[in-house]
């Protein structure tokens with residue numbers, strides 16, 4: 452259960468690992484992904500249906516995805532992006548897609564399993580999914596605890612593998628961020644020396 456909770460926390464953090472200033476945007480549009488690319492931002496996936504302003508030079512965090520519940524990021528592409536900076540951005544994009552896919556699949560599995568569990572328990576009691584007034588019949592917290600325990604037990608290995616992969620990716624992202632920061636500092640230092648020399 453602790454591993455599953457850690458996996459959940461890691462999933463919530465995954466959409467938040469980005470350098471520089473960040474902005475949140477809740478607008479939506481059908482061609483937002485294409486517009487984002489045209490404006491110097493890379494479309495991430497089908498989850499990224501929001502479009503940062505044309506003048507933006509930051510990463511933007513969008514509204515939660517319906518399947519994964521994670522907030523997708525539209526990564527800004529600088530005009531003078533270095534090869535190292537591009538490597539970092541592309542790896543973050545790849546990690547985001549991987550993370551979105553995992554949690555979207557996991558949430559679908561969770562909801563399906565929950566519905567089947569509730570249906571089987573109500574059927575065993577001779578009850579329907581809805582009562583006479585049309586209200587959805589629910590199980591007690593104690594009964595649902597059996598489902599949660601069983602779900603975590605069945606997905607223990609999956610969550611452990613996810614955690615391991617996420618920490619590996621997070622370490623790589625952090626390492627690349629350090630390299631990019633050093634590269635930028637070195638460039639600024641070189642520019643200052645050139646300016647002083649002139």
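Residue numbers (the working numbering): 452 to 649. All C-beta atoms in this analysis are idealised placements derived from N, C-alpha and C, irrespective of residue type, glycine included.
Within the same chain, Cβ atoms closer than 8 Å to the Cβ of residue 624 are found at 468, 539, 542, 543, 546, the five residues on either side in sequence being excluded. Take the alpha-carbon of residue 522 and the one of residue 513: they are about 5 Å apart. Cβ atoms of residue 580 and residue 590 stay farther apart than 8 Å, at about 11 Å. Judged by beta-carbon spacing, residue 598 lies within the 8 Å limit of residue 565, meaning their Cβ atoms are closer than that value.
A residue is called buried once 16 or more other Cβ atoms fall within 10 Å of its Cβ, and residue 536 is buried on that count. Taking C-alpha positions only, residue 528 is separated from residue 611 by approximately 33 Å. The three-state secondary structure of residue 530, taken from DSSP, is coil.
In this structure, residue 554 places its C-beta atom within 8 Å of the C-beta atom of residue 519.
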